[in-house]
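Number of protein chains: 2
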Amino acid sequence: MAFRAHILGAAAGGGLPQWNCGCGNCRRAREGSIPAQTQSSLAVTGNGRDWAILNASPDIRAQLAATPVLHPTGQRELPLTSVLVTNGDIDHVAGLLTLREMQPFTLFATDGIHQVLTDNPIFDALNASVVVRETIALNTPFALAPDLTATLFAVPGKVPLYLEGETVETDLMGEQTVGVDLQSGTARAVYIPGCAHLPADLASRLDGADIVFFDGTLWRDDEMQITGVGTKTGKRMGHMSMSGSDGSIAAFAPLNIGQKVFVHMNNTNPVLDPSSPEYAKATASGWIVGQDGLEITP
Amino acid sequence: MAFRAHILGAAAGGGLPQWNCGCGNCRRAREGSIPAQTQSSLAVTGNGRDWAILNASPDIRAQLAATPVLHPTGQRELPLTSVLVTNGDIDHVAGLLTLREMQPFTLFATDGIHQVLTDNPIFDALNASVVVRETIALNTPFALAPDLTATLFAVPGKVPLYLEGETVETDLMGEQTVGVDLQSGTARAVYIPGCAHLPADLASRLDGADIVFFDGTLWRDDEMQITGVGTKTGKRMGHMSMSGSDGSIAAFAPLNIGQKVFVHMNNTNPVLDPSSPEYAKATASGWIVGQDGLEITP
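As structure tokens, then:
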């Protein structure tokens, strides 16, 4: 029995390169001078045999093809036990459309996130007779996979972009955006791909974990503006930045965490270029910058 | 001014390898002994500069990344003018979710197909203020892109799997499944990725075309059964097979067509293995077996 996590996709929505983006990172990724990264997803196992996928990204077909531990073991037998979705964002749910084909697994989410799927009949492609949708209450442990217990908890965030109304609350605490506490034997890992800021009770929860996978969307709050690809700040998108006095690197510095891993990096984030000063700063601060295919063990 | 077509994805829904499939073709594609193929999509241009994409497959991000003529030409400038969807199947519409990011283009479909999208609020990710949804009537020419005129026409088919009710009509003729007639200068190409059978009036339409891209889902009608991956026949899925007296190879034999190209091949189709006798038979019958990245000119 041993916990392992495999980063299927390290980038945020859009991936690297993003289909319509000509920013420096996207150009370099197309040229092959920095590694391309697919969209946000993490595979986890508690026993090395049965796997759960946290968030189903639009790139999931390519991600699974590139990951031998998740390949079919027979005509239609798979090591995949379950899929868990942490919010209704397209980068986390669109891949569910790929997981059709009458393949049994359990789909875990909060009631609020399941409702987003139910409101879209296209997700009936996951035939209810083979894909069981289990509703998980916050702060209630459940068996995510054999030898792997999970607990969902609210983190500050917002509703998906395509459900935004006239006014947008970017600091919601509820079922729309959750983190995942993972326990396997004595190992404890926490997965939070989207987080608007780090309140004290969330920091306490992370303190003492063996591994934390955390929202690495932006290096700085005005990054979309200074790279010329957009007008929104990180705060408006519901993501705290890595740098600055209110950033994640500073907020995590006092915490005792075995391994801190950034995931869900936007294509504009300079840490996606391993030769950048920002990458050097993040790693010097004790962070691992997530990469597609990287495996993390406690 | 010159018509060109670029096969973005040659496989049917699921792709090759399909995420949960251990059939011979899928195993060989994972090993690299036959070429992998992404899901059904074709890019076309009438002038070599402005492109339209016919069907937005779930693999569209990887397809665009692999296709330099469709890369951004500036921070957010693209050679993509429009996207046309020929039915509501997941392999043809799920990629629309990737084409978000406030990028302007025109989305063409029949009223019936647009309705499928409207019924799913997740497609509001394509912000209506930048992605214009144009409804196209059957048999009415329209400007798909500069120097490229298209006409939609009904072909025999069925509604998408996720919209099937208790009884399924597999020979519907209407707005659910359409073919596309493309005209650029004197060149004429026809694109029909799904077709249940070939009635006489459809055969007449194809006669004399420079290029026809046609439904190559299955080699034989009971292929899902004999490969052990499913129970449905090709007819039940709304696809005519390549082989046999009622197959497409026989039906096309009397027609005068410049180039006949199979697209939308299911992962079970033996023609996906270039060393198979079926591949040899198809090519000996004058067909090109489509491949990811293959470019076709009149």
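Those protein sequences? They're chains A and B, same order as listed. Just so we're aligned, residue 1 is where the first sequence starts under my numbering, counting upward by one. Just so we're aligned, residue 1001 is where the second sequence starts under my numbering, counting upward by one. Even for Gly, the Cβ is constructed at its ideal location relative to N, Cα and C.
- Among the CB atoms of chain A, one or more fall inside 7 Å of the CB of Glu1101 (chain B).
- Setting aside the 5 residues that flank it on each side, Glu295 (chain A) is surrounded in the same chain by Arg4, Ala5, His6 and Ile7, each with a C-beta closer than 8 Å to its C-beta; the list follows chain order.
- For Gln1225 (chain B), not one C-beta of chain A is nearer than 7 Å to its own C-beta.
- At a beta-carbon threshold of 7 Å, the residues of chain A lying near Gln1018 (chain B) are Glu101, ordered along the chain.
- Asn1267 (chain B) counts as buried, since no fewer than 16 other beta carbons sit within 10 angstroms of its beta carbon.
- Listed in chain order, the alpha helix (DSSP H) runs fully inside the stretch 30-71 of chain A are 60-65, counting runs of at least 4 residues.
- As DSSP reads the structure, Leu16 (chain A) sits in a beta bridge with A:Gln37.
- Thr1106 (chain B) places its beta carbon less than 7 Å from that of Glu1134 (chain B).
- No Cβ of chain B is located within less than 7 Å of the beta carbon of Tyr191 (chain A).
- The beta carbons of Asp1215 (chain B) and His1197 (chain B) sit no closer together than 7 Å.
- At a cut-off of 7 Å, the C-beta of Asn25 (chain A) has no neighbouring C-beta in chain B.
- A Cβ of chain A is located within less than 7 Å of the beta carbon of Thr1098 (chain B).
- Residues of chain B with a Cβ closer than 9 Å to the Cβ of Asn120 (chain A) are, in chain order, Asp1119, Asn1120, Pro1121, Ile1122 and Phe1123.
- Per the coordinates, the alpha-carbon of Thr170 (chain A) lies some 11 Å from the alpha-carbon of Gly194 (chain A).
- The shortest CA-to-CA distance from Leu54 (chain A) to any of A:Gly247, A:Val263 and A:Tyr279 is the one to A:Val263.
- Gly1234 (chain B) places its beta carbon less than 7 Å from that of Leu1218 (chain B).
- In the three-state DSSP reduction, Leu218 (chain A) falls in the coil class, being neither helix nor strand.
- C-alpha of Val1083 (chain B) to C-alpha of Thr1038 (chain B): approximately 18 Å in a straight line.
- The three-state reading of DSSP puts Ala5 (chain A) in strand, counting E and B together.
- Within chain A, the residues Gln75 and Arg76 have their CB atoms less than 8 Å from the CB of Val1229 (chain B), given in chain order.
- Selection B:Pro1270, B:Asp1147, B:Asn1269 and B:Gln1259 evaluated against Ser1285 (chain B) yields B:Gln1259 as nearest (Cα-Cα).
- Residue pairing of Gly1179 (chain B) in beta bridges, as defined by DSSP: B:Phe1153.
- C-alpha of Asp1181 (chain B) to C-alpha of Val1085 (chain B): approximately 13 Å in a straight line.
- By the 16-neighbour rule on beta-carbons within 10 angstroms, Gly1048 (chain B) is exposed.
- In the structure shown, the three-state DSSP call for Leu126 (chain A) is coil.
- In this structure Ala128 (chain A) is exposed. Its beta-carbon is surrounded by fewer than 16 other beta-carbon atoms within 10 angstroms.
- In this structure, DSSP gives Gln291 (chain A) a state outside helix and strand, which the three-state scheme calls coil.
- With contact defined as three or more Cβ pairs closer than 8 Å, the stretch 117-124 of chain A and the stretch 92-99 of chain A are in contact.
- The beta carbon of Glu175 (chain A) sits closer than 8 Å to the beta carbons of Thr110, Asp111, Gly112, Ile113, Leu138 and Ala154 from its chain, once the five residues preceding and following it are set aside; these are given in chain order.
- According to DSSP, residue pairing for Gln259 (chain A) in a beta bridge involves A:Ile211.
- Residue pairing from DSSP leaves Leu1161 (chain B) without any beta-bridge partner.
- For Tyr1162 (chain B), the nearest beta carbon of chain A is closer than 7 Å to its own beta carbon.
- A Cβ-Cβ distance of about 6 Å is found for the pair Ala62 (chain A) and Ala1062 (chain B), placing them in contact under the 8 Å criterion.
- Think of a sphere of 8 Å around the beta carbon of Asp1059 (chain B): the chain A residues whose beta carbon falls inside it are Arg61 and Ala62, in chain order.
- Contacts between His71 (chain A) and chain B, judged by CB atoms closer than 7 Å, involve Arg1030 in chain order.
- Per the coordinates, the alpha-carbon of Pro1017 (chain B) lies some 42 Å from the alpha-carbon of Ala203 (chain A).
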